[in-house]
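Heads up: the sequence shown begins at 331 in my numbering, then just goes up one per residue. Each residue gets a CB set at the ideal place from its N, CA and C atoms; glycine is no exception. None of the values given here were measured: they were computed from a predicted structure. Notes follow the structure.
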Amino acid sequence: MKQDWNPLEGIMVERCCVLSMRAHSSSPASSFLICSFTDPLPCSVFAFRASWSADDWIDDDPFPASSFGETAVDNSLFPSLRSLGNDVPALVNLAFLRSFQRILAEGRLQAEVGLEVVDRLIPSYKFQQSICVLVGLVHRVVAEKKQIVFTGHSFGGAMSVLATIWLLEQCVKFDNKSQVIPFCLTFGSPLVGDGVFCHSLHREGWSRCFFHFVMPLDIIPRILLTPLASCKEELQAILHLACPKYLYFSLDVIGNSQLVAFFYSTILRNALLLSCHRACLAMGCANPFFGSLSAFVKLSPYRPFGTYCFFTRKGRLVNFKNSDAILHLLFYCLQLNPEQELAELAYGSLKEHLQYDTKVKEYLEVQYFVDVDYLERIPLSINDTLSNDRQVFGVNFEDLDLVSVPFSNCLSF
Numbered sequence: 331m332k333q334d335w336n337p338l339e340g341i342m343v344e345r346c347c348v349l350s351m352r353a354h355s356s357s358p359a360s361s362f363l364i365c366s367f368t369d370p371l372p373c374s375v376f377a378f379r380a381s382w383s384a385d386d387w388i389d390d391d392p393f394p395a396s397s398f399g400e401t402a403v404d405n406s407l408f409p410s411l412r413s414l415g416n417d418v419p420a421l422v423n424l425a426f427l428r429s430f431q432r433i434l435a436e437g438r439l440q441a442e443v444g445l446e447v448v449d450r451l452i453p454s455y456k457f458q459q460s461i462c463v464l465v466g467l468v469h470r471v472v473a474e475k476k477q478i479v480f481t482g483h484s485f486g487g488a489m490s491v492l493a494t495i496w497l498l499e500q501c502v503k504f505d506n507k508s509q510v511i512p513f514c515l516t517f518g519s520p521l522v523g524d525g526v527f528c529h530s531l532h533r534e535g536w537s538r539c540f541f542h543f544v545m546p547l548d549i550i551p552r553i554l555l556t557p558l559a560s561c562k563e564e565l566q567a568i569l570h571l572a573c574p575k576y577l578y579f580s581l582d583v584i585g586n587s588q589l590v591a592f593f594y595s596t597i598l599r600n601a602l603l604l605s606c607h608r609a610c611l612a613m614g615c616a617n618p619f620f621g622s623l624s625a626f627v628k629l630s631p632y633r634p635f636g637t638y639c640f641f642t643r644k645g646r647l648v649n650f651k652n653s654d655a656i657l658h659l660l661f662y663c664l665q666l667n668p669e670q671e672l673a674e675l676a677y678g679s680l681k682e683h684l685q686y687d688t689k690v691k692e693y694l695e696v697q698y699f700v701d702v703d704y705l706e707r708i709p710l711s712i713n714d715t716l717s718n719d720r721q722v723f724g725v726n727f728e729d730l731d732l733v734s735v736p737f738s739n740c741l742s743f
């Protein structure tokens, strides 16, 4: 597959963000918007609508395997998402998977797409007569040799991730090497899959297709680090406040909500446990307490993948590809300031989740980003000025409010 486009090009980032936000206002009967552009190159953008219902984030399965809501991936949709050594399937969020399956089964454009096209493209899929919407639109764009971009904000980001992998699977199935590689740009998206999920994408060379834009304090990208099955009521309270249509968003409202405070403290605690666990694994910790913790405390299976683009206070981007580094940053960026109350953090975090369009505009003004590809290049402190590169990293980490955190503890493994 060919790559003819830089996903971090400012104008496309802005278009994807605008469409992702606009999708929230689309009809409930429409799971996504589609918009075509001719510059900087011919492309079609699929923007998925978010859901603010807790039922779409954690599935009420009668026999849940885990309080984190994960399940084995649908092999008929995603055959590449497995471990080759022992043939273990990747784990994904069950509610997200079922939501994506419903999108494939919508059928609202059946009249415009011939069923024989669907049969030829996906002959073995059991819903082949009802997936005309996404299949028909995507493959019509594929035939036109357009760049395809899937995007979404919040829950919509998770749907765009699954849609991108689904299309990549189709390209592999039909050995379409001339097809332009699809891309996925998410804004404040939750995590989707486990370590096998991430490893499979890296093995297939697909990780480069995913760019996740994250505000340093946004709680939604961390939300699946906590067992949602045990706090569904609190999750619904958070989603209610995070909805762009909510008219009474204020510090007072959040400060008076015990559900929000409890949920935030739960996320912080689980993020800390997972961060410490991953750090101990990386360092080969021999402390017997570490083994006991692993046996009695269930940790989130979800892991970051692709490129994470963290916005700084000055509108710059600091980009990471290392999954463990991203996981640690998701925790460290969220730490409480000693003088800050939990309600203030919750308010600021939810506010950031609604401000991606503002941050993207700031990014367009500076068009500046730093790729952290080699962890050894990261300075041990902001005062380390041995080279220009180290000073640049230090300045950008300061913009992420990580001045008080030892970078070596946060990102070195």
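Inset, instruction - Assuming Val422 contacts Val348 (C-beta within less than 8 Å), just tell me the rounded distance between them. - result: As a working mapping, residue 422 is identified with position 92 in the sequence shown. As a working mapping, residue 348 is identified with position 18 in the sequence shown. Contact flag wrong, Cβ pair sits at about 28 Å.
Legend entry - Within 8 Å, strictly: CB atoms of His570 and Phe517: Locating residue 570 in the sequence shown gives position 240, where the first residue counts as 1. Locating residue 517 in the sequence shown gives position 187, where the first residue counts as 1. Cβ atoms of His570 and Phe517: not closer than 8 Å.
Inset, instruction - Give a yes or no on whether the C-beta atoms belonging to Ala559 and Ile364 are separated by under 8 Å. - result: For this step, residue 559 is matched to residue 229 along the sequence shown. For this step, residue 364 is matched to residue 34 along the sequence shown. No.
Legend entry - N- and C-terminal bounds of the alpha helix (DSSP H) containing Gln431: Here residue 431 is taken as the residue at index 101 of the sequence shown, counted from 1. Start and end: 424-434.
Inset, instruction - Spatial neighbours of Leu680 within its chain, please: CB distance less than 8 Å, with the 5 preceding and 5 following residues excluded, ordered by chain position. - result: In the sequence shown, counting from the first residue as 1, residue 680 sits at position 350. Excluding positions up to five away in sequence, the list reads Ile549, Ile568, Leu571, Ala572, Phe579, Ile584.
Inset, instruction - Return yes when the Cβ of Phe398 is within less than 8 Å of the Cβ of Ser630, no when it is not. - result: If you number the sequence shown from 1, residue 630 lands on position 300. If you number the sequence shown from 1, residue 398 lands on position 68. In contact: Ser630 and Phe398 (Cβ atoms closer than 8 Å).
Legend entry - Cβ pair Gly636, Phe541 closer than 8 Å: For this step, residue 636 is matched to residue 306 along the sequence shown. For this step, residue 541 is matched to residue 211 along the sequence shown. Yes; because the gap between Cβ atoms is below 8 Å, this pair is in contact.
Legend entry - Check whether Tyr638 and Val343 have beta carbons under 8 Å apart: Sequence index remark: in the sequence shown, residue 638 carries index 308 (1-based). Sequence index remark: in the sequence shown, residue 343 carries index 13 (1-based). For Tyr638 and Val343, no; Cβs fall outside 8 Å.
Inset, instruction - List the endpoints of the continuous alpha helix (DSSP H) containing Phe408. - result: If you number the sequence shown from 1, residue 408 lands on position 78. Careful: Phe408 lies outside any alpha helix (DSSP H) and carries neither H nor E.
Inset, instruction - Could you check what DSSP says for Pro419 in three-state terms: helix, strand or coil? - result: Here residue 419 corresponds to residue number 89 of the sequence shown, with the count starting at 1. The answer is strand: DSSP assigns Pro419 an E or B state.
Inset, instruction - Put Ile597 into one of helix, strand or coil per three-state DSSP. - result: Residue numbering aside, residue 597 sits at position 267 when the sequence shown is read from its first letter. Looking at Ile597 - three-state DSSP - the assignment turns out to be helix.
Inset, instruction - Report the residue from Phe485, Ala488, Phe480, Gly486 whose alpha carbon sits nearest the alpha carbon of Leu745. - result: Since the displayed the chain opens at 331 and closes at 743, residue 745 lies outside it and no answer follows.
Inset, instruction - Compare the Cα-Cα distances from Ser595 to each of Glu436, Pro557, Pro409 and report the closest residue. - result: Your numbering for residue 595 matches position 265 in the sequence shown. The candidate whose alpha carbon is nearest that of Ser595 is Pro557.
Legend entry - At least three beta-carbon pairs within less than 8 Å, the region 599-610 to the region 655-662: yes
Legend entry - N- and C-terminal bounds of the beta strand (DSSP E) containing Val696: Taking the first residue of the sequence shown as 1, we reach residue 696 at position 366. Where Val696 is concerned, there is no enclosing beta strand (DSSP E), although the alpha helix (DSSP H) it sits in stretches over 686-696.
Inset, instruction - Please determine, among Ser357, Asn649, Tyr632, the residue with the shortest C-alpha to C-alpha distance to Ser396. - result: Indexing the sequence shown from 1 puts residue 396 at position 66. Of Ser357, Asn649, Tyr632, the residue nearest in Cα terms is Tyr632.
Legend entry - Candidates Met351, Ser360, Leu675, Pro370: closest to Gly340 by CA position: Along the sequence shown, one-based indexing puts residue 340 at 10. Nearest option by C-alpha distance: Pro370.
Legend entry - Sequence-distant residues of its chain with Cβ nearer than 6 Å to Glu682 (five each side left out): Along the sequence shown, read from residue 1 onward, the residue named residue 682 stands at position 352. If we look at Glu682 and ignore the five residues flanking it on each side, its Cβ neighbours are Met545, Leu547, Asp548.
Legend entry - Span separating the alpha-carbon of Glu671 from that of Gln588: By one-based count along the sequence shown, residue 671 stands at place 341. By one-based count along the sequence shown, residue 588 stands at place 258. About 13 Å.
Legend entry - Through-space distance from Asp404 to Ser410, alpha-carbon basis: Start at 1 with the first residue of the sequence shown, and residue 410 comes out as number 80. Start at 1 with the first residue of the sequence shown, and residue 404 comes out as number 74. Taking the straight line joining both Cα atoms gives about 10 Å.
Inset, instruction - Tell me whether Gly518 sits in a helix, a strand or coil according to DSSP, three-state version. - result: Here residue 518 corresponds to residue number 188 of the sequence shown, with the count starting at 1. Three-state DSSP puts Gly518 in coil, outside helix and strand.
Inset, instruction - Have a look at Val375 and Lys628 and give me their C-alpha separation to the nearest angstrom. - result: Position 45 of the sequence shown, counting from 1, holds the residue named residue 375. Position 298 of the sequence shown, counting from 1, holds the residue named residue 628. Roughly 38 Å between the two C-alpha positions.
Legend entry - Range covered by the alpha helix (DSSP H) that runs through Tyr677: Position 347 of the sequence shown, counting from 1, holds the residue named residue 677. It spans 672-683 - the alpha helix (DSSP H) in which Tyr677 sits, taken as one unbroken run.
Inset, instruction - Give the straight-line distance between the Cα atoms of Ala488 and Met351, rounded to the nearest whole angstrom. - result: Numbered from 1 along the sequence shown, position 158 holds the residue referred to as residue 488. Numbered from 1 along the sequence shown, position 21 holds the residue referred to as residue 351. Each residue's Cα considered, the two are about 14 Å apart.
Legend entry - Beta-carbon proximity of Pro551 to Ser519, cut-off 8 Å: Taking the sequence shown and counting its residues from 1, one reaches residue 551 at position 221. Taking the sequence shown and counting its residues from 1, one reaches residue 519 at position 189. Taking 8 Å as the Cβ cut-off, Pro551 and Ser519 qualify as a contacting pair.
Legend entry - Classification of Gly415 by the beta-carbon crowding that lies within 10 angstroms, buried from 16 upward: Sequence index remark: in the sequence shown, residue 415 carries index 85 (1-based). Gly415 should be labelled exposed.
Inset, instruction - Excluding the 5 residues preceding and the 5 following Glu534 in the sequence, name in chain order all residues of the same chain whose CB lies nearer than 7 Å to its CB. - result: Working through the sequence shown from its first residue, we reach residue 534 at position 204. Same-chain partners within the cutoff: Ser410.
Inset, instruction - Closer than 8 Å by C-beta to Arg345: which residues in its own chain qualify, once you throw out the five before and the five after it? Chain order, please. - result: Indexing the sequence shown from 1 puts residue 345 at position 15. So the qualifying residues of the chain are Cys365, Phe367, Val375.
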